[in-house]
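Reviewing the structure listed below.
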Amino acid sequence: MKVFKRIVIALIILLVIVVAFNYSKLNIISGYAAKNMASSVFIADRTPASIDKYDHNVPLIKLAETEVDQKTKSATSSVFGLMERKAIYREGLGSVLVNGSYDYSKSYLRPKRQTLENNLPFPYGDNGKKDTVFGNVNYKKLQEAINDAFSEPEVKKTRTVLVTYKNEIIAEQYADGFSPETPILGWSMTKSILATLYGILEYQGKLDLNDPAPIATWYKDERKKITINHLLRMQSGLAWEEDYTKISDVTKMLFLSSDMTRPQRLKKAIAKPGDVWNYSSGTSNLLSGLLHNYVGEGQAYLDFPYTSLIDKLGMRSMVIETDMDNNFIGSSYAWANTRDWAKFGLLYLNNGQWNGEQLWSENWVTYVTTPTANSDGVYGAHFWLNAGGKYPDVPRDLFSANGYEGQYVFIIPSKELVVVRTGLAEDPIFNVNEFLSGIISAIEE
């Protein structure tokens, strides 16, 4: 009995220490758990049990207990009963963390989606895929490379892989619980979607990338020299801390802000525009807010990403979630199934040509793939690059949309390849160089 009491006392002490040490993080922990649960259940149609077992079974997040309410389409999380947070799902807008009260009966605007033909094959429609066999593709070697990506599931944690060659799907594979229809959270792949909207606006003549950012309060100080180009290249010179392991600018924005376009807007300049490169999710959400200046407010704003890009590509599964103020969270929260993520990559492989329509200028791909100064060749304009040789056995012309925990859309123009990989582990735990070089070796010259 004495031993049992000592164990109980020790566990209580340990619990007190853990809570005390991480109390300031509880808001972030329960916020993350509630938001991810609500989105995964109501967008991806996954079960709460699978989300707890796989997605939330990581340090700190696994401390949260989350309940799902199907009636109100909400998820509520807390840590040892402390710091309760709720996320609610709104049709067309995704899930959002509630700050303060929320009226479930109120009406709200939502994007008006376009009705498109459904009898076309991939990539222009959803009617399966063409049965195309390329004589120069070693399908056995290709399958071996994909099988390796799914090996060691507790380590590599791959969920989906899709490979297209010359605009045709030549391989795709899904882990248990996932299918071609399952929407996947792209995390920061959303940034590349957002940047594309600016490429479309430029092509439509609605902005010049070298225009100053249209923020009146910046015109009074040194920030008036910050351009749209600086923002797309993460070269604004504004203060920002992108650290997900603690209370930082990015975690406060994602889990505490009702208007996620504001945090970066309010930051002071710590360098001249163009002098430093500093990866900032706040910058992406600022750009998301600035879309209002070019496309309008309300319904016009909510419709623009869909009418100008998403629905044109037939990416029916894609949803970009919004914050409490109905701004698109362009830094992090786009969902789409693997085939729809591949369509986005194919649009770039074909330099903006889609089903007979040109969506951006001929120079746009060159722009986003030109290395940004001081990024060591790894970053262009809201796209990641291999210009610096990060992946030594992969062509240098590779560029990609990358997301947290290893979400990738790789575009390799010289090989006519688009490769999508999603999962819960990123490079170097999931070895990108090995994965891509294995696929490339299956394409015989």
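Letter by letter, the sequence shown follows residues 1 to 445 in the working numbering.
Heads up, the beta-carbon is just placed ideally off N, CA and C, and yes, glycines get one too.
Values in this document were obtained by computation on a predicted structure and should not be read as measured data.
Closest Cα partner of residue i within the set the options
| i | options | result |
| --- | --- | --- |
| G128 | Y367, F383, E168 | E168 |
| E154 | K53, I226, A216, S74 | K53 |
| K191 | G205, I320, I443, N337 | I320 |
| Y379 | D393, L398, N363, P392 | L398 |
| P48 | F430, A34, K141 | A34 |
| L309 | G92, L347, W335 | L347 |
| N99 | Y404, K140, V295, D259 | D259 |
| G274 | A334, P371, D45, G388 | P371 |
| I28 | Q143, K252, N350, T115 | K252 |
| A342 | G125, D69, H56 | G125 |
| G177 | S441, V365, I411, A44 | A44 |
| S255 | A442, K130, E444, R85 | The question names Ser, but residue 255 is Phe in the sequence shown. The shortest Cα separation from F255 among A442, K130, E444, R85 belongs to R85. |
| P121 | R113, K112, T115, D131 | D131 |
| V295 | Q204, I270, L109 | Q204 |
| I170 | E416, Y32, V365, E91 | E416 |
| M318 | N326, A75, A334 | A334 |
| L414 | K166, Y89, P111, N138 | The question names Leu, but residue 414 in the sequence shown is Ser. Nearest option by C-alpha distance: K166. |
With 16 other Cβ atoms within 10 Å as the buried cut-off, status of residue i
| i | result |
| --- | --- |
| I7 | exposed |
| S78 | buried |
| I61 | buried |
| Q299 | exposed |
| P123 | buried |
| Q70 | exposed |
| I17 | Residue placement at I17 is flagged as unreliable, the pLDDT there being 48, under the threshold of 50; a coordinate-derived value is accordingly withheld. |
| I443 | buried |
| N327 | buried |
| D243 | exposed |
| T76 | buried |
| D340 | buried |
Distance between beta carbons of residue j and residue i, contact taken as under 8 Å
| i | j | result |
| --- | --- | --- |
| V418 | T164 | 5 Å |
| M37 | T66 | 5 Å |
| V151 | G94 | One point to set straight first is that residue 151 is Ser, not Val, in the sequence displayed. S151 to G94, Cβ: 33 Å. No contact. |
| I450 | N285 | Within the shown structure, residues of the chain are numbered from 1 to 445, placing residue 450 beyond reach of any answer. |
| R265 | I215 | 6 Å |
| S257 | D323 | 7 Å |
| G403 | K157 | At roughly 14 Å, the Cβ-Cβ gap does not stay under 8 Å, so G403 and K157 are not in contact. |
| V420 | L162 | 4 Å |
| Q114 | T307 | 6 Å |
Item to check | Touch test, the region 308-328 against the region 351-371, Cβ-Cβ under 8 Å, three pairs minimum | outcome: yes
Item to check | 4-residue-minimum alpha helix (DSSP H) runs that sit fully inside the region 138-186, ordered along the chain | outcome: 139-150, 153-156
Next on the checklist: I want to know whether the region 362-378 touches the region 230-239 - three or more CB-CB distances under 8 Å.
Outcome noted: yes
Item to check | Any alpha helix (DSSP H) of 4 or more consecutive residues that is wholly inside the region 332-392 | outcome: 338-349, 364-369
Checklist entry - Is it true that the region 300-307 meets the region 274-283, where meeting means three or more beta-carbon pairs spaced less than 8 Å apart? => result no
Checklist entry - Does the region 380-394 come close enough to the region 216-224 to have 3 or more Cβ pairs within less than 8 Å? => result no
Item to check | Ordered list of alpha helix (DSSP H) runs contained in the region 273-319, each at least 4 residues | outcome: 281-295, 298-305
Checklist entry - In chain order, which beta strand (DSSP E) runs of at least 3 residues are fully inside the region 210-276? => result none
Item to check | Segments assigned beta strand (DSSP E), at least 3 residues, entirely inside the region 409-444 | outcome: 417-423
Checklist entry - In chain order, which beta strand (DSSP E) runs of at least 3 residues are fully inside the region 32-101? => result 64-69, 74-79, 82-90, 94-97
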